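Residues 0 to 464, numbered by numbering that gives the first Met the number 0, are exactly what the sequence shown covers, in order.
All residues carry an ideal CB built from backbone N, CA and C; glycine is no exception.
In this text the structure is predicted, and so the values were computed from the model without any measurement.
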Amino acid sequence: MNMDLYMWVGYPVSPYFEKWVGTLEGIDYMIDNLVKKGFNGIVIGPFSAMENPEGKRQYGPFNSEIYRESLRQKIGSNIIKADFYHPFYPTEKYYRDTIVKAPYVSGCEISGKKYFKQVMKIAKDRGLKVYYLWMSATPINEFAPINTQIITDAFGNKKGFVCINTPGFLEYMAGYLKDILDNYSELDGIILDLLQFPSYTADLLFTCFCEGCRNKAEKYGYVFNDFKRAALKTFSQIKNLDRERIMQISNNGLGPIDTIAEIFSNEDFVNWWNFRFSSINEFAQCVRDIVNDIGPSLELNIDCVSPSFAPLFGVNMKSLRKYADVINPKFYPSEDLFGWRGSIISYANFIRENREKEVDEYLAIKFLAKLFNIEELSKFKTLIELKETPFSIELFKNEINKAINLINDRKRIKPWVRLDYALTDEIKNMIKALSSANLGGAIFRYYAAATEEKLNIIQKEFEKY
Ligand SMILES: [Zn+2]
């Protein structure tokens with residue numbers, strides 16, 4: 000096997016780990032099991048998920064059925080509440096001069112000392128590589144740093160993610176990286192996650208109009224209010240696409256970029272769109288400089304959504320390859336917030352809102368298949384069908400080929416692969432497509448969802464190559 004196989008083991012951590020979940024000895028079993036199944040690396044962080052009895056969240060980080068069930072045996076029908084923090088207690092000196100500060104929570108050092116340090120030690124003893132997930136545009140209800148700007152839409156609504164254009168954010172990221180390396184000095188690499196304008200759902204598309212973005216846009220010489228006008232205009236254009244127009248676009252024979260250009264052909268929209276790309280590229284360049292400065296031996300991985308969705312998130316995968324050693328597109332076909340189906344369903348509902356009769360589900364899906372250039376989508380007549388039918392190997396191969404065309408080096412592509420959802424046949428198709436593509440490797444999300452059955456599929460498929 001010449002592909003790297005990594006498992007993210009970041010989730011099942013809590014200061015009550017030993018009491019509730021198992022014992023620290025379980026870490027030996029986990030690592031040995033991964034080695035046996037052909038894995039040669041793990042990913043830790045960014046979470047230290049702490050049980051919080053007065054917690055804000057009504058669900059835990061433990062959103063794998065298997066994990067939740069084991070927790071249920073201990074806590075019965077009580078609500079699972081958890082907060083997310085760095086898996087170590089932040090060292091104050093690194094944030095003394097930064098505007099953005101690390102979140103402090105008493106007790107969060109425990110899982111860092113007891114769990115992640117132990118995971119790191121055992122993984123290193125067994126010769127595994129260890130990577131750390133290093134977050135940027137984090138969801139604000141999960142371990143968000145303090146004094147950040149919240150992503151804001153063109154109507155002024157706050158959207159629940161930290162904006163990468165937050166003033167002082169990069170200084171914080173530099174401090175955070177030093178802190179990570181103090182705590183986990185033997186890391187082989189880091190994975191920058193969520194470098195994007197999150198656009199998982201249609202209402203997230205018309206962002207970001209926070210003060211940080213205003214400052215950045217003005218620095219670039221743009222008139223920020225023109226962006227807002229363009230976003231609002233685009234919003235109403237989409238809302239007013241009539242049946243005839245949608246059909247015409249779905250069959251126009253143009254590629255997705257030309258289609259977008261045709262629908263939203265106004266200069267301010269193009270400037271706004273380019274501003275999003277530039278903001279992300281500039282952030283990636285600064286991150287590259289930070290890594291060169293603080294941890295030059297670290298392999299810098301940068302995550303992004305999968306190629307079909309990247310432009311919506313302000314991510315130009317072609318430019319990412321200039322900054323990162325490895326790119327990690329997310330193969331997340333699931334129907335939750337972060338998944339492909341979740342996005343498609345949200346966008347379809349957005350297009351159809353208040354005109355369900357005029358624009359049926361089939362037409363909306365066809366339109367999106369065209370926009371994302373995912374031909375196979377247009378075979379689904381309804382959203383239910385889209386939810387329940389496993390995607391084919393071909394669909395995943397097409398997505399992989401898009402990534403290869405953009406990054407131009409198979410070995411520098413290591414996609415994230417979702418294991419924590421129910422369509423096992425589809426997971427099998429995805430793994431088959433990935434294993435035959437001769438990429439640099441794959442990162443699996445995550446150990447708590449990696450049943451013996453799924454681990455065996457991974458082992459069997461990747462062993463062939
Ligand atoms: Zn912003």
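- Judged by DSSP in its simplified three-state form, ARG354 adopts coil rather than helix or strand.
- Rounded to whole angstroms, GLU462 and ALA136 show a C-alpha spacing of 36 angstroms.
- Excluding sequence positions up to five before and after ARG228, its CB lies within less than 7 angstroms of the CB of ASP267, all in the same chain and listed in chain order.
- Around the beta carbon of ALA402, a 10 Å sphere encloses 16 or more other beta carbons of the protein chains shown; the residue is thus reported as buried.
- In the pairwise beta carbon analysis, the segment 289–303 is classified as not touching the segment 250–270: fewer than three pairs are separated by under 8 angstroms.
- Residue state for ILE189 is assigned as strand, using DSSP reduced to three classes.
- In the DSSP assignment, ASP225 falls outside any beta strand (DSSP E) and within the unbroken alpha helix (DSSP H) covering 223–238.
- Non-local beta-carbon contacts of GLU398 in its own chain, meaning distances under 6 angstroms to residues more than five positions away in sequence, involve SER305 in chain order.
- Using a cutoff of 7 angstroms, the CB of GLN72 does not count as near ligand 1, since none of the ligand's heavy atoms is closer than that.
- Note on GLN195: 16 or more other CB atoms within 10 angstroms of its CB, so buried under the neighbour-count rule.
- Along the length of the segment 408–446, whole alpha helix (DSSP H) runs at least 4 residues long occupy 423–434, reported in chain order.
- A direct Cα-to-Cα measurement between ASP202 and PHE366 gives close to 18 angstroms.
- Per DSSP, PRO89 has no beta bridge partner at all.
- DSSP, reduced to helix, strand and coil, places PHE308 outside both helices and strands of the structure shown, so it counts as coil.
- At least one heavy atom of ligand 1 sits closer than 7 angstroms to the Cβ of CYS162.
- With respect to TYR131, GLY44 sits close: the two C-beta atoms are nearer than 8 angstroms.
- Counting along the chain, the unbroken alpha helix (DSSP H) around GLY211 starts and ends at 210–218.
- Between LEU405 and the set PHE390, ILE383 and LYS321, the nearest pair of CA atoms involves LYS321.
- Per DSSP, the unbroken alpha helix (DSSP H) holding GLY25 starts and ends at 25–35.
- One thing to note: VAL325 has its Cβ within 8 angstroms of the Cβ of ASN300.
- Annotation for TYR175: the continuous alpha helix (DSSP H) segment containing it runs 168–182.
- Boundaries of the beta strand (DSSP E) around ILE150: 149–151.
- For TYR5, the enclosing beta strand (DSSP E) begins and ends at 3–7.
- Within the chosen limit of 7 angstroms, ligand 1 reaches the beta carbon of GLY211 through at least one heavy atom.
- Assigned with DSSP and collapsed to three states, GLY159 falls in strand.
- Between LYS100 and ILE145, the beta carbon gap of about 4 angstroms places them in contact (Cβ cut-off 8 angstroms).
- In the three-state reduction of the DSSP assignment, TYR131 falls in the strand class, which pools E and B.
- A heavy atom of ligand 1 is found nearer than 7 angstroms to the CB of CYS207.
- For ALA309, the closest alpha carbon among the candidates ASN250, SER235, PRO166 and TRP272 is that of TRP272.
- Shortest Cα-Cα distance from LEU169 to any of LEU385, LEU319 and TYR93 involves TYR93.
- Out of ASN156, LEU231 and LYS116, the CA that lies nearest to the CA of HIS85 is found in LYS116.
- With respect to the 8 angstroms criterion, ILE179 and VAL42 are not classified as neighbours on the basis of their beta carbons.
- Taking C-beta separations shorter than 7 angstroms and ignoring five residues to either side along the sequence, the partners of LYS215 in its chain run ASN164 and SER278, following chain order.
- By the Cβ test, the segment 407–425 is in contact with the segment 438–447, since at least three Cβ pairs between them sit closer than 8 angstroms.
- Counting the other Cβ atoms within 10 Å of the Cβ of SER342 gives 16 or more, which makes it buried.
- Given a length threshold of 4 residues, each whole run of the alpha helix (DSSP H) inside the segment 318–364 is given here in chain order: 339–351.
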